[in-house]
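J.: Following this message is one structure expressed as structure tokens.
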Amino acid sequence: MKKIFFTTIFFLVFYNCSKEEGESSPSTNIEQTSNTKTETETTPETVQYTLTVNTAVGGSVSTEGGTYDEGTEIKVTATASEGYQFTGWEGSQETSNALTLTLNTNVSIKPIFQKVEVKESLYSAGALIEDNEISELFNRSLTVNGVKIVVAGAAGGQKPVPDFWALKIARLIQLMTDPNYEGIDGEAQKNMIKTLKGAPGTWHEGYPTIQRVAYGGGNDYSPNWLRDEGISSYEGLQEFNDTHSHNDMVWYRNSSGDSFDYGDIDFQEVMEHIMHTIHLFGVPGGVPGSKEALYLEAIENPNWESTTIHLAMKEAIDSRMYVPDYAPEWDQSEDGAGVAYKEYLYLLNFNMWEMSEFWEGQSLAPEWNDAMRTPDGIRTNNPLGFELFIKYIEPVLSKPDFTTIRSIFQDNDQGESGYVAD
Numbered sequence: 018m019k020k021i022f023f024t025t026i027f028f029l030v031f032y033n034c035s036k037e038e039g040e041s042s043p044s045t046n047i048e049q050t051s052n053t054k055t056e057t058e059t060t061p062e063t064v065q066y067t068l069t070v071n072t073a074v075g076g077s078v079s080t081e082g083g084t085y086d087e088g089t090e091i092k093v094t095a096t097a098s099e100g101y102q103f104t105g106w107e108g109s110q111e112t113s114n115a116l117t118l119t120l121n122t123n124v125s126i127k128p129i130f131q132k133v134e135v136k137e138s139l140y141s142a143g144a145l146i147e148d149n150e151i152s153e154l155f156n157r158s159l160t161v162n163g164v165k166i167v168v169a170g171a172a173g174g175q176k177p178v179p180d181f182w183a184l185k186i187a188r189l190i191q192l193m194t195d196p197n198y199e200g201i202d203g204e205a206q207k208n209m210i211k212t213l214k215g216a217p218g219t220w221h222e223g224y225p226t227i228q229r230v231a232y233g234g235g236n237d238y239s240p241n242w243l244r245d246e247g248i249s250s251y252e253g254l255q256e257f258n259d260t261h262s263h264n265d266m267v268w269y270r271n272s273s274g275d276s277f278d279y280g281d282i283d284f285q286e287v288m289e290h291i292m293h294t295i296h297l298f299g300v301p302g303g304v305p306g307s308k309e310a311l312y313l314e315a316i317e318n319p320n321w322e323s324t325t326i327h328l329a330m331k332e333a334i335d336s337r338m339y340v341p342d343y344a345p346e347w348d349q350s351e352d353g354a355g356v357a358y359k360e361y362l363y364l365l366n367f368n369m370w371e372m373s374e375f376w377e378g379q380s381l382a383p384e385w386n387d388a389m390r391t392p393d394g395i396r397t398n399n400p401l402g403f404e405l406f407i408k409y410i411e412p413v414l415s416k417p418d419f420t421t422i423r424s425i426f427q428d429n430d431q432g433e434s435g436y437v438a439d
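For the sequence shown, position 162 (counting from the first letter as 1) is numbered 179 according to our numbering, and the numbering increases by one without interruption.
Below you can see the structure in the form of structure tokens.
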């Protein structure tokens with residue numbers, strides 16, 4: 018009995034110890050699992066987006082784009098090239114050429130450049146500039162409403178023409194080509210200016226019109242550059258003459274005149290020579306059909322005896338209203354007719370504008386009959402001439418205001434031109 022009791026006690030002790038060890042094992046396993054989970058956690062990846070900036074004809078952009086972190090701010094500027102303008106973006110509603118983008122998605126943009134249509138201005142008021150590329154004789158130039166005024170410098174032993182005189186000539190051309198003058202046909206006047214410019218499609222295309230301005234007279238220069246033998250003495254002059262349309266001169270202090278201090282005579286001299294230039298190289302080209310009707314270079318016109326200008330002048334000559342003593346054989350020689358045409362057109366225009374008061378004594382008789390000093394007198398005595406003026410000259414040339422003229426040309430060197438460059 019003693020032996021059996023001992024064995025039972027031992028069994029109970031062993032059983033209790035085994036049970037305690039078994040109950041503690043689950044607690045140990047849970048703690049190990051928790052430690053493993055903490056060690057495997059990682060940091061989230063950074064999100065990036067792409068900006069694509071495409072180029073376009075007509076300008077440039079400040080960046081081509083790239084890949085950037087989410088939320089990055091990027092500035093993009095579009096710059097238009099000369100002759101283009103920025104008008105917007107493809108891929109954005111923004112209208113400014115400078116954008117600040119915050120990237121939260123992929124973005125693709127492209128600037129839009131539009132070609133600027135530049136309309137050539139026919140009515141120009143250029144500044145008087147130094148221009149040493151004209152020739153050794155002319156060293157300044159100014160372009161106004163299709164006519165390039167070239168101004169003589171100190172050459173051939175003569176003084177330079179003062180700047181202010183060139184500006185007076187420019188202002189007079191402006192007054193004669195005023196698009197806002199009553200009765201002007203806008204399209205016809207533009208055609209006249211294009212013709213003066215020698216623009217593409219005009220009859221002296223590539224040979225722009227010049228108005229030469231010099232000091233005194235041809236004989237005051239040594240050698241005289243108006244004579245063939247004198248031209249070559251001035252470097253570049255022959256080439257310049259050959260590449261431009263020109264005819265008459267405007268003189269500062271005209272040495273063939275009677276006075277330098279009488280403004281009306283001064284203006285009349287200037288007006289005559291400017292009219293010659295515009296009548297020759299501009300008016301025949303303004304109104305449709307004017308080239309054929311008024312072309313003054315008779316030698317190059319096989320139908321010179323049947324043109325409007327020829328018939329109108331012949332009517333005036335036959336009635337002794339116009340007596341061109343300097344071209345007595347005008348009806349037998351194309352050259353003689355051309356000289357007579359030029360003078361007739363000036364006298365016709367001058368008197369249709371009732372400008373005879375600027376002549377000394379208000380008369381040029383017998384060259385131009387006093388009965389033809391007004392529009393009514395011309396309509397009565399030279400109806401073909403009257404019709405010519407109304408059809409071809411009145412729509413393109415504007416009559417300068419007499420008060421304005423006298424304020425410009427008073428006492429030769431006095432008076433302000435009123436010319437303002439663009």
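From the three backbone atoms N, C-alpha and C, an ideal C-beta is built for every residue, glycine too. Quantities reported herein were computed from a predicted structural model and do not represent experimental measurements.
For Tyr-251, which residues from the same chain have a beta carbon less than 8 Å from its beta carbon, with the 5 sequence-adjacent residues on both sides left out?
T.: Result list for Tyr-251: Ser-152, Glu-153, Leu-154, Ala-172, Gly-173, Trp-242, in chain order.
J.: If you follow the beta strand (DSSP E) that Val-124 is part of, which residue opens it and which one closes it?
T.: Looking at the DSSP string, the run of the beta strand (DSSP E) that includes Val-124 is 124-132.
J.: Return the chain-ordered list of same chain residues with a C-beta closer than 8 Å to the C-beta of Thr-391, the five sequence neighbours on each side being excluded.
T.: So the list reads Asn-368, Glu-371, once near-sequence residues are dropped.
J.: Tell me whether the segment 399-418 and the segment 256-271 touch, counting them as touching only if at least three CB pairs, one residue from each stretch, are closer than 8 Å.
T.: No: fewer than three Cβ pairs fall under 8 Å.
J.: Could you pull the DSSP bridge partners for Glu-90 from this structure?
T.: Thr-119.
J.: Taking the C-alpha atoms as reference points, what is the distance between Thr-63 and Ala-97?
T.: If I take the Cα positions, the gap works out to 37 Å.
J.: Report the partner residues of Ile-441 according to the DSSP bridge assignment.
T.: Coverage of the chain is limited to positions 18 through 439, which leaves residue 441 absent and any answer about it impossible.
J.: In whole angstroms, give me the CA-to-CA distance for Ala-448 and Lys-211.
T.: As displayed, the chain neither begins before 18 nor continues past 439, which places residue 448 out of reach and without an answer.
J.: Hey, quick one: how far does the alpha helix (DSSP H) through Ser-307 stretch, first residue to last?
T.: From DSSP, the alpha helix (DSSP H) with Ser-307 extends over 307-311.
J.: Exposed or buried, which one is Ser-373 when buried takes at least 16 other CB atoms within 10 Å?
T.: Looking at its Cβ environment, which holds 16 or more other Cβ atoms inside 10 Å, Ser-373 is buried.
J.: Report buried or exposed for Lys-92, applying the criterion of at least 16 other Cβ atoms within 10 angstroms of its Cβ.
T.: When all chains shown are included, Lys-92 counts as exposed.
J.: In terms of residues, what are the limits of the alpha helix (DSSP H) holding Ser-424?
T.: Note, Ser-424: alpha helix (DSSP H), 419-426.
J.: Contact between the segment 179-187 and the segment 155-166 is defined here as three or more beta-carbon pairs at a separation below 8 Å; is this criterion met?
T.: Because the criterion of three Cβ pairs below 8 Å is met, the segment 179-187 and the segment 155-166 touch.
J.: Flag this pair as touching only if the segment 396-403 and the segment 289-306 have three or more C-beta atom pairs under 8 Å; answer yes or no.
T.: Because the criterion of three Cβ pairs below 8 Å is not met, the segment 396-403 and the segment 289-306 do not touch.
J.: DSSP state of Thr-324, grouped into three classes?
T.: Residue state, collapsed to three classes: coil.
J.: Comparing alpha-carbon positions, which option in Gly-105, Pro-179, Leu-213, Leu-120 lies nearest Leu-139?
T.: Considering only alpha carbons, the answer is Leu-213.
J.: List the whole-angstrom C-beta distance separating Phe-103 from Gly-76, where the pair is believed to meet the contact cut-off of C-beta under 8 Å.
T.: With a Cβ gap of about 7 Å, Phe-103 and Gly-76 count as contacting.
J.: Whose CA, out of Pro-345, Ala-310, Gln-349, Val-340, lies closest to the CA of Leu-364?
T.: Closest by alpha carbon: Val-340.
J.: Using a 10 Å radius around the Cβ and a threshold of 16 neighbouring Cβ atoms, would you call Pro-319 buried or exposed?
T.: Classification of Pro-319: exposed, given that the 10 Å Cβ count is below 16.
J.: Comparing C-alpha positions only, which one of Ala-142, Asp-195, Leu-120, Gly-100 sits nearest to Gln-131?
T.: The candidate whose alpha carbon is nearest that of Gln-131 is Gly-100.
J.: Can you find the residues in the same chain that come closer than 8 Å, C-beta to C-beta, to Ser-41, ignoring five residues on each side of it along the sequence?
T.: In this predicted model, Ser-41 has a pLDDT of only 44, less than 50, meaning its place in the structure is not dependable; the value taken from the coordinates is given anyway. If we look at Ser-41 and ignore the five residues flanking it on each side, it has no Cβ neighbours.
J.: Where does Ala-438 land, buried or exposed, given buried means 16+ other C-beta within 10 angstroms?
T.: So Ala-438 ends up on the exposed side.
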